[in-house]
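Residue numbers for the sequence shown follow the numbering used here, beginning at 307 and rising by one.
Note that the Cβ used here is the ideal one computed from N, Cα and C, for glycine as well.
One structure is given below, encoded as structure tokens.
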Amino acid sequence: MRSVRESDADNSAAKPSVLFLCTGNSARSQMAEALLTARSSGRYRVGSAGVHPVARVNPYAVEALQALGIDWRDKHPKPVDDVIRESWDIVITVCDRAKESCPTLPGRPAYAHWGLDDPAAVEGDEATVRAAFRRAGAPRCRFRVASFDALVKGG
């Protein structure tokens, strides 16, 4: 299993920087950050944050990422205030609430909205919830991350 280290995501200021924003920074934005970080092999500086972050990354998100070969166990939700002073080239909101309350960030980042379904909102037994998180990470979020990466790379 590939461990995604902080240094993978932030070892050069010259790299395009991508910030994923969500409400709680516990599932969708964390999964998007993990997927782009793993896929890009260090080509981007990637981060995520929440406008109202929760206490921990959703364990089902961690499990879904582990199923994709990404170790995300040591990650923690971050408030937008922790990243707002950094310069971001691209800011992607992954939920409608974050889109509506997205703060103004320094510089002139490009903004995009993906509007991913919230797997944490799915109700049901454990198998149903697990399945929702696996669907959120693969194929939905993986497809968007792959498309984004191809677009930025130019093909």
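- Exposure of L457 is indicated by the presence of fewer than 16 other C-beta atoms within 10 angstroms of its C-beta.
- Counting the other CB atoms within 10 Å of its CB gives E406 a total below 16, which places it among the exposed residues.
- Excluding sequence positions up to five before and after W378, its CB lies within less than 6 Å of the CB of A340, V368, L371, all in the same chain and listed in chain order.
- A Cβ-Cβ contact shorter than 8 Å links T399 with L327.
- As computed with DSSP, H382 is found in no beta bridge at all.
- By the Cβ criterion, the stretch 339-358 is in contact with the stretch 383-398, since at least three pairs of Cβ atoms, one from each stretch, lie closer than 8 Å.
- The distance from the Cβ of P409 to that of I390 is about 6 Å, consistent with a contact at the 8 Å cut-off.
- A373 and L411 have their C-alpha atoms roughly 34 Å apart.
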